[in-house]
Amino acid sequence: TGLEGWLRYAPLPAEIISLQPSFSHIVALSRSETSPIYTAAKELQDGLKKLLNRDVNIVKTATEIKEIPSSKIVVGTLDSFSLTDEKIEVDRIPDLKEDGYWLSTRKIDSGTTDILIAGQNERGALYGAFQFLMLLAQNKPYPESHTSSPQAPIRWINQWDNLDGTIERGYAGPSIFFKDGAVLDDLTRVAQYARLMASVGLNGIIVNNVNSHCNLFNPTNMKGLGRIADAMRPWGVRIGVALYFDTPKDLGGLPTSDPLNPDVVSYWNDLTTRLYRNVPDLLGYLIKANSEGQPGPLTYGRTLADGANLFARALKPHGDGLVMYRAFVYNHHLDESNLKNDRANAAVEFFDGLDDEFEDNVIVQIKYGPIDFQIREPPSPLLSHLRRTPIILEFQVCQEYLGQQSHLVYLPPLWRTILDFDLRIDGTPSVVRDIVSGSKFDWKRSGYAAVVNVGQDSTWLGSHMAMSNLYAYGCYCWDASRDEVTVIQDWARLTFGSHPTIVDTITKISMESWPAYENYSGNLGIQTLCDIVKHCHYGPSPAAMDGNGWGQWTRADSHAIGMDRTVATGTGNAGQYPPEVAAMFEDIKTTPDDLLLWFHHVPYTHQLKSGKTVIQHFYDAHYDGAKTAQTFPVQWQALRGLIDENRFHHTALRLTYQAGHSIVWRDSINNFYHAKCGIPDVHGRVGNH
Ligand code: GCU
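Written out as structure tokens, the structure is:
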């Protein structure tokens, strides 16, 4: 099955095993069996058994470590190491940030080797243990002394699971958390999920949907949340919940949910107190309000800060809980006939002026682009507006607009377009990953959240290959400058095996996948061109993009296409960026081709920097993209016999489907624009012949 994901620990060949130290003991510097230190020890034990076929005993807490025979693996926190006879050794470790670890190899005279794993905290120790196992599984050398700390403290997942067991934008079966209005009795999968998360450094999760209105807070479900937290805690994963703003009115019997109303304040205070009794280390609350028809503070004539602060104050007495207030606030009944209307402007319009208004435990959570997880977007301009309010950058591992896990789309190259973008705030270097990590504005808590739609399916995401995005997401939260090629190579080795054909084929297909999908879906920044009106966000439907209130418009007519977002003649959105970036997007000559139609409305005959016209680029890109996708199932054949039949066939089927669907995409989009503008394809491929 695919349940182990990249943590398969497939047996190593005998010649590699013979070169390994014969590990004698795993020393866990903790007495508690629910501590991540003990989890780390158990994971090491399990990993050594599977990889090396060795049975290694766990010894709990020892102060005289040196007396335990070599070769041993010692895992603990820096503090617990300091209480042992290894004190001098750990005193030499360079500073670790929260959740960081030190991994060290000590060769002993007799030819044996000790492995020392010290975490800045318990979670860090677990991360170090996983790092060790993943090096061993790939037969990579152990470092002599290696420290690693995450760049961002917040490395979280948002599940969009409903209490009835369905998942919003879920493509892999029902929820692993909920069913029929309650938390599942059997949370085995939840613990397995936490294991996968921990192995790549993910440390928090919001377990329910931002759109969920159900009663998560009756006594049974409160206890259920406590059980979820208990299942994930040994893996260093903390849980939080998404709240529905109108709960006081809907479920609490109050006449209002006005955030300044004293009864509403007590309602939330009381609910928070009860919740903390069940989940003492609650992460906090995720809030979607005044968005897509949801109520929020604006419904009651209050500011967004009033809304966020209501929850922030309720959390404060209990711990370090945060309010993740989503910047995804917009009106979805926008009038397209007004050429100044622009959904991309909404976040800045709603949040400007609020930077000093939030309690210090409020974080604004911002989607990577101004619209909605499209195939290509510029970074959200709001990323350049908040200085004192820290932020969470929101990605999707869930491929909502990107083929919904039925298409392979390896996402890190897309993420890099956002993470590496220099917003030039105040004319100074302001690369998005440095803003998000907190280093630019000296924020203590900031980072990442990704919407992930794991379900009961034994592949987790409905597709074995889609799991590379979950793995990569963790890697990028830890180090946002990671090279996407080494990430996919590591994942391929861990998931499928180290044979060069496996690694090279998976790397090649993966690296080709995002450009291919962009080519056969929406080009030049016109967005993905999925079906917006039926909300499925799947398959080609360019006509559905316009003539609705959602504001994901293309403004395509028979002569021209694209959103004019300039200050001079358009919606003014380009002007929401800092001056140097604004100037680049304002001018058609300096706007990169791949965002041309995001910022400009141009005739189909407009000539790109490549020398092609816009319409010919559409035609060619769609043929190129579909052609590349045709090669995926063929390339995959190289893995026949090198990996297990089950995963070979499952993936082959998906890639074959994708190859076929890419032709549907190609012809739908090309025929649509051909019919609209009547301009022939210079190669004579498009239209009726
Ligand atoms: C998208 C998505 C919705 C989701 C929303 C959100 O619009 O299609 O399903 O609820 O984003 O992020 O809140």
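Each position in the sequence shown, counted from 1, maps to that position plus 685 in this note's numbering.
Glycine included, every Cβ here is placed at the ideal spot set by N, Cα and C.
Shown here for Y970: same chain residues with a beta carbon closer than 6 Å to its own, the five before and five after excluded, namely L928, F996 and V1008 in chain order. Following the DSSP letters along the chain, one finds H1359 inside the alpha helix (DSSP H) bounded by residues E1330 to C1362.
Among the bridge pairs identified by DSSP, Q844 is matched with V1137. Looking at the backbone, the Cα of G809 and that of A879 are separated by about 15 Å.
With contacts defined as CB atoms closer than 8 Å, V1082 and A1135 qualify as a contacting pair. In the DSSP secondary-structure assignment, P1225 is bridged to C1215. Rounded to whole angstroms, the Cβ separation of D1279 and R1061 is 6 Å, and the two are in contact under 8 Å. Cβ-Cβ distances below 7 Å link P828 to L788 and T790 in the same chain, with the five nearest sequence neighbours on each side left out; the list follows chain order. Distances taken from the Cβ of H1222 to the heavy atoms of ligand 1 include one shorter than 7 Å.
Around the CB of A1311, 16 or more other CB atoms lie within 10 Å, so the residue is classed as buried. Here K792 is bridged, per DSSP, to T798. W1163 carries a helical assignment under DSSP once its states are collapsed to helix, strand and coil. Annotation: A867 to N906 spans about 6 Å, alpha carbon to alpha carbon. N893 sits close to V926, with the two beta carbons spaced by under 8 Å. Under the DSSP definition of a beta bridge, Q1050 partners with R1011 and I1077.
Secondary structure at H831: strand, using DSSP grouped into helix, strand and coil. Under the three-state reduction of DSSP output, F1035 falls in the helix class.
By the neighbour-count definition (other C-beta atoms within 10 Å, threshold 16), L1024 is an exposed residue. I753: not part of any beta strand (DSSP E); DSSP gives it neither H nor E. The Cβ atoms of G986 and F930 do not sit closer than 8 Å to each other. Between the alpha carbons of N946 and D1231 lies a gap of roughly 41 Å. Counting the other CB atoms within 10 Å of its CB gives H1359 a total of 16 or more, which places it among the buried residues.
Distance from the C-beta of R854 to the nearest heavy atom of ligand 1 is below 7 Å. Here the distance from the Cβ of V895 to the nearest heavy atom of ligand 1 is below 7 Å.
Of the heavy atoms belonging to ligand 1, none sits nearer than 7 Å to the Cβ of D776. For H1017, the three-state secondary structure derived from DSSP is coil. The three-state reading of DSSP puts H710 in strand, counting E and B together. The way I'd put it, the region 1191-1211 does touch the region 1076-1096; three or more beta-carbon pairs between them come closer than 8 Å. Boundaries of the beta strand (DSSP E) around Y970: G969 to I972.
The three-state secondary structure of L901, taken from DSSP, is coil. When only Cα atoms are considered, H1220 and T746 end up about 55 Å apart. Judged by DSSP in its simplified three-state form, T1276 adopts coil rather than helix or strand. By the criterion of a C-beta distance shorter than 6 Å, S830 is surrounded in its chain by S789, once the five residues flanking it on both sides are discounted. In this structure L1327 touches H1184 by the C-beta definition: roughly 5 Å separates them, less than 8 Å. Less than 8 Å separates the beta-carbon of I1056 from that of Q1237.
Cα atoms of P779 and N1355: separation of roughly 57 Å, rounded to the nearest angstrom.
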